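Working notes for the structure below.
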Amino acid sequence: MAVLKPPLLLLQALLRFPNEFVSEKYLVQETGLHLRMVRKILNRLNLNYLLVTEHREGETYYRLKLEGISPSLLKLIREFILEEEIIIQNYEKIEIRHKILKQQLEEKEKEEFKASARTETFVNSLVFLEEISSIILRSQTFPQVFKETFRRLFSAVNYDIGITAILENKLNIYIIHKSSIPKETIEKSIMLTKEKMGLTLSLPYLLQDYNIIEEIEEIESAPPGKIQHSIGTTFQKDPMTPGYISLFRIEDEPFLADEKQVLDVLSTQMALACQNITALQKIQQLAITDDLTGIYNKRYFKQAFAKEFERAKRYNVPLSLMMMDLDFFKRINDKYGHQLGDVVLSEFAALVLEMTRSTDIFARYGGEEFSLILPHTPLNSSIEIAERIRNRVETYAFPGEEFTIHCTVSIGLAQNKEEFQSPDELIATADMNLYKAKTKGRNMVIFS
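Heads up, the sequence shown is in this note's numbering, so the first residue is 8 and it goes up one at a time.
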């Protein structure tokens with residue numbers, strides 16, 4: 008803050024009582040100047056014969072020597088000091104205004120910085136949403152969606168641990184986190200996610216054990232410390248499968264509303280991704296499944312058998328193929344109708360499925376003909392399986408409307424040999440043995 012210069016301050020103090028003597032103590036108190044400065048100025052005034060001094064009880068008193076000074080000059084001096092004071096006051100007002108403007112400018116710059124940061128976040132969010140839309144279109148599994156979307160989420164939201172929890176048969180957990188985070192911190196984030204999910208979805212039984220499906224550790228290091236802030240939101244993998252997404256931050260920097268909005272949009276996109284994956288899986292399943300029996304169709308059989316043939320040839324392991332045909336099935340259709348004929352086909356497929364292993368591949372080859380691929384199965388074991396199937400079908404009473412239907416099956420069996428150069432040759436051999444079984448009286452197993 009600007010003030011009068013020391014000589015003017017002292018002169019102003021002396022002019023308040025122009026005809027009276029004042030002490031040094033008074034001048035120091037009125038001017039706020041140091042005693043040494045007061046004495047220095049008084050000395051200069053005295054040298055110029057502008058002061059009258061008087062000594063009392065060891066102290067010196069002063070007054071201006073106004074004798075001989077015209078009233079007009081004295082008035083001019085006072086006006087000059089007054090104008091100087093007005094100038095100083097105006098200057099002080101300007102300084103205050105300057106400080107206010109400076110503060111407003113700083114606040115405006117902060118707002119512009121925040122706006123710029125929001126714009127950057129918005130742009131990053133748009134890029135992020137575009138990227139996850141692309142991921143949704145090409146992803147075929149949920150782990151793939153989780154991995155790709157949460158990696159790209161780093162560009163839009165700063166977080167250290169990301170968790171997706173899905174309540175299926177178990178509480179399945181997917182985790183992505185930066186490196187150097189202690190195990191107990193990861194476990195803490197999982198527990199917090201379970202608690203939030205339980206409270207939000209009113210699922211108190213989430214205290215059960217969880218199953219970590221996937222855990223991804225990124226190269227970027229997280230800051231040291233404990234979890235400080237978190238945000239979360241729900242999503243639906245499907246109408247009967249609830250899920251929850253959590254983000255955790257170790258730095259003491261709260262999540263912004265814009266970041267929460269990005270997470271909400273992410274949950275919507277992930278739900279959409281799950282719907283697309285489910286629809287795609289259904290389409291893929293329909294493409295390889297027989298409509299009537301629910302087992303694999305001929306198309307899938309061809310693809311799978313080609314792979315199994317190449318694997319058996321490469322690793323020199325046995326591979327057996329069984330071709331089956333229901334005997335006199337045309338008579339069943341003609342006598343009982345196609346609807347009951349379809350029941351026989353479906354029941355037959357269910358019977359065979361009960362007797363197959365998880366590694367076997369059972370398919371409807373066409374009409375009443377079926378095929379069974381038996382990987383890592385030598386011929387003698389395949390013969391035993393074929394005989395069990397034949398006996399089971401022969402003794403089984405297929406359900407009818409007012410009566411049961413009995414049926415038998417003919418089976419042709421073949422095993423891969425060194426001379427077979429293609430899967431078609433093995434199929435042809437099994438098919439030829441099936442033809443022999445049909446011509447030799449049916450209800451039998453022919454093998455080579």
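Ideal Cβ placement from N, Cα and C applies to all residues, glycine included.
These numbers come from a predicted model, not from an experiment.
Unbroken alpha helix (DSSP H) runs of no fewer than 4 residues, entirely contained in the region 352-423, are found at 386-402, following chain order.
The beta carbon of Val35 sits closer than 8 Å to the beta carbons of His41, Leu42 and Val45 from its chain, once the five residues preceding and following it are set aside; these are given in chain order.
The beta-carbon distance between Ile396 and Met362, rounded to whole angstroms, is 6 Å. This is short enough to meet the 8 Å contact definition. Contact check for Pro325 against Leu386 passes: the beta carbons are separated by less than 9 Å. In the structure shown, Lys190 falls within a helical segment according to DSSP collapsed to helix, strand and coil. The distance from the Cβ of Val416 to that of Asp297 is about 17 Å, inconsistent with a contact at the 8 Å cut-off. The continuous alpha helix (DSSP H) containing Asn50 extends over residues Leu42 to Leu54.
Taking C-alpha positions only, Ile188 is separated from Tyr181 by approximately 16 Å. The beta-carbon separation of Glu225 and Ser186, rounded to 6 Å, stays under the 8 Å limit for a contact. If you draw a straight line from the Cα of Glu31 to the Cα of Lys117, it is about 52 Å long. Around the beta carbon of Met330, 16 or more other beta carbons lie within 10 angstroms, which makes this residue buried. Cβ-Cβ separation between Ile197 and Ile170: approximately 6 Å, consistent with a contact (criterion under 8 Å).
Check the Cα spacing between Ile368 and each of Gln282, Lys342 and Ile295: the tightest is with Ile295. With three or more CB-CB distances shorter than 8 Å, the region 241-249 counts as touching the region 273-282. Spanning the alpha carbons of Ile418 and Lys289 requires a straight line of approximately 32 Å. Counting only unbroken stretches of 3 or more residues, the beta strand (DSSP E) elements lying wholly within the region 192-242 are 217-228, in sequence order. Considering only Tyr68, Glu191 and Cys281, the residue with the shortest C-alpha distance to Phe153 is Cys281. Under the 10 Å beta carbon count, Gln428 is surrounded by fewer than 16 other beta carbons and is classified as exposed. Non-local C-beta neighbours of Pro25 in its own chain, meaning closer than 8 Å and more than five positions away in sequence, comprise Arg70, Leu71, Leu73 and Leu81, ordered along the chain.
Cβ contact annotation for His383 (same chain, cutoff 6 Å, sequence separation greater than five): Val324, in chain order.
Within the DSSP bridge table, the entry for Asn179 names Ile173 and Asn218 as partners. The shortest C-alpha to C-alpha distance from Val359 to any of Ile392, Gly374 and Thr248 is the one to Ile392. Closest in C-alpha terms to Leu16, from the list Phe28, Val29 and Ile48, comes Ile48. Sequence-distant Cβ neighbours of Gly232 in its own chain, meaning closer than 6 Å and more than five residues away, are Ile257.
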